[in-house]
Structures are given as structure tokens and as C-alpha cells.
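For reference, the structure is listed below as C-alpha cells.
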Amino acid sequence: MSTLRDPVGPKDRKVYIRRRILVLAGLIAVIAVIVLVFAKPGSSGGAQDVNPVEVPTDLASDKKDDAKKGEAPTCAAGQLKVSAVTDKTDYQEGELPQLSLTVENSGGEDCTADLGTAGMQFVISSGDDEVWRSVDCQTDPESLPVVLKPGKPLSSEAIPWDRTRSSPDTCDISRDPVIAGGASYHLRVVAAGVEGAATAQFLLF
1 MSTLRDPVGP KDRKVYIRRR ILVLAGLIAV IAVIVLVFAK PGSSGGAQDV
51 NPVEVPTDLA SDKKDDAKKG EAPTCAAGQL KVSAVTDKTD YQEGELPQLS
101 LTVENSGGED CTADLGTAGM QFVISSGDDE VWRSVDCQTD PESLPVVLKP
151 GKPLSSEAIP WDRTRSSPDT CDISRDPVIA GGASYHLRVV AAGVEGAATA
201 QFLLF
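Going by our numbering, the residue at position 108 of the sequence shown is 108; the numbering climbs one at a time, nothing skipped.
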């Protein structure tokens with residue numbers, strides 16, 4: 001028995017079509033929401049790689065400038081103070097003079113100087129007679145860049161002088177001793193291509 005409120009019997013074909021369209025539209029809407037959630041900026045998906053972060057050019061140039069600032073410039077010859085040094089002012093018979101030098105940066109800023117043996121010399125003379133040079137029999141000279149702080153002198157390692165004359169021809173043979181008996185000698189030094197302003201005088205007995 002049928003009533004007007006709840007009719008019984010087959011429904012119109014158009015009703016089924018409308019229902020299918022509504023269901024399909026709902027599925028499309030759900031899929032669209034999911035895509036928007038996972039593809040939004042800041043997610044862990046591949047979309048984050050589309051716009052890589054770049055370092056500003058001014059910041060990059062500042063870092064390069066800082067690196068350059070870390071390298072002290074080469075010392076000018078006029079700002080290096082080189083001094084000859086001996087451990088004593090007179091030496092008794094059998095005592096070997098110990099020769100060294102100091103280098104001081106007289107400028108106001110740090111600077112770099114080559115204090116290796118390649119640019120260093122010790123020269124001993126008596127009057128006009130140059131009797132000994134460290135470079136005559138030097139082997140394997142090397143460079144040694146050193147940063148010098150203003151007003152802080154650096155000293156070289158002392159080397160002994162055997163009280164003999166030197167020449168490149170006598171490096172492998174015995175050499176004649178120099179005159180002693182109170183004779184006066186002067187040590188002259190060179191470092192980083194700069195010659196010391198004064199000599200160090202000493203006596204040999």
C-alpha cells in the first residue's frame with residue numbers, strides 16, 4: 001500500500017544520475033584539499049627546491065674582504081729594524097762566538113717578512129777584511145714567512161762561528177783560523193733583504 005509521503009516503486013533515471021554527479025564532485029573536492037595540504041610552501045616535498053636560498057652578494061663580498069684582512073701585508077724595508085747580536089763582547093781562547101740577530105717591526109700595523117735562511121746573512125769582518133760569511137757554505141736555504149707585531153722583536157736561533165776564514169772553495173776542507181790575541185771583529189747581519197743599521201763588535205783572545 002503506497003502513500004503520498006513515501007511512494008513505492010522505481011525512481012526516475014535522472015535521480016540516479018544526479019546522485020552519481022554529486023558523489024564524483026565530492027571525491028574531486030577531497031582530492032583537491034589533499035593536494036593543497038601537501039604541496040603548500042614550506043612542506044617537506046619537492047616544491048621547496050624550486051626556489052633555493054641564495055647568499056646576498058654584499059654578504060659574500062664582505063666575507064672575502066675579511067679573509068683578505070686576515071693576511072698581513074709585506075713589511076716595507078723602512079719599517080724593519082734589524083740588529084746584530086753576539087752572546088758576549090769578548091771571547092777567550094777556545095770560546096766560539098754565538099751569532100744571532102733580531103728583527104723588529106717599527107710600523108704601526110702587523111706585517112709579514114721572510115725570515116728564512118734564504119734572505120738571511122751573517123758577515124764577520126776585521127777592518128776592511130771580510131773574513132767569514134754564513135752563505136759561503138750554506139746548504140738548502142729556505143723561506144719562512146713570519147707575521148711581525150709592532151714593537152715586538154723576534155730573535156733568530158744562534159749559530160756558532162768556528163773562528164776560521166770562509167769561502168765557497170773551503171767548505172769541505174779544514175780552514176785557517178783567524179787572528180786572535182785581542183783582535184777586534186764586527187758582525188754585520190741581513191734579514192728579509194734588510195741590512196742591520198749597526199754592527200756588533202767583539203774581541204777574540
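Even glycine gets a Cβ: it sits at the ideal position worked out from N, Cα and C.
Residue i in three-state terms, based on DSSP
{"i": "Q201", "result": "strand"}
{"i": "D129", "result": "strand"}
{"i": "T139", "result": "coil"}
{"i": "P168", "result": "helix"}
{"i": "A191", "result": "strand"}
{"i": "A183", "result": "strand"}
{"i": "Q92", "result": "coil"}
{"i": "A118", "result": "helix"}
{"i": "A77", "result": "helix"}
{"i": "I159", "result": "strand"}
{"i": "L101", "result": "strand"}
{"i": "A72", "result": "coil"}
{"i": "S83", "result": "strand"}
{"i": "L154", "result": "strand"}
CB contact flag (residue i, residue j, <8 Å)
{"i": "A191", "j": "V146", "result": "no"}
{"i": "A200", "j": "V85", "result": "yes"}
{"i": "G116", "j": "S155", "result": "no"}
{"i": "P153", "j": "C111", "result": "no"}
{"i": "Q79", "j": "G119", "result": "no"}
Inter-residue Cα distance where the pair is residue i and residue j
{"i": "L148", "j": "P97", "result": "27 Å"}
{"i": "L204", "j": "D176", "result": "15 Å"}
{"i": "S167", "j": "E130", "result": "10 Å"}
{"i": "Y91", "j": "R188", "result": "18 Å"}
{"i": "G182", "j": "K81", "result": "30 Å"}
{"i": "S184", "j": "T89", "result": "10 Å"}
{"i": "I159", "j": "E95", "result": "13 Å"}
{"i": "P150", "j": "E109", "result": "6 Å"}
{"i": "A180", "j": "D169", "result": "23 Å"}
{"i": "H186", "j": "C171", "result": "22 Å"}
{"i": "S83", "j": "R133", "result": "17 Å"}
{"i": "F202", "j": "N105", "result": "26 Å"}
{"i": "I173", "j": "E71", "result": "45 Å"}
{"i": "G196", "j": "Q121", "result": "10 Å"}
{"i": "E93", "j": "V178", "result": "12 Å"}
{"i": "D87", "j": "E157", "result": "12 Å"}
Integer Cβ distance of residue i from residue j, believed to fall under 8 Å
{"i": "A76", "j": "G193", "result": "That belief does not hold up - the Cβ atoms of A76 and G193 are roughly 11 Å apart, past 8 Å."}
8 Å Cβ cutoff, residue i in contact with chain D
{"i": "A77", "result": "Protein chain content of the structure displayed is limited to a single chain, and chain D is not contained in it."}
Inter-stretch contact (C-beta, 8 Å, three-pair minimum) for the stretch 98-110 and the stretch 125-132: no
For the 8 Å Cβ check, are there 3 or more pairs between the stretch 162-169 and the stretch 138-152? no
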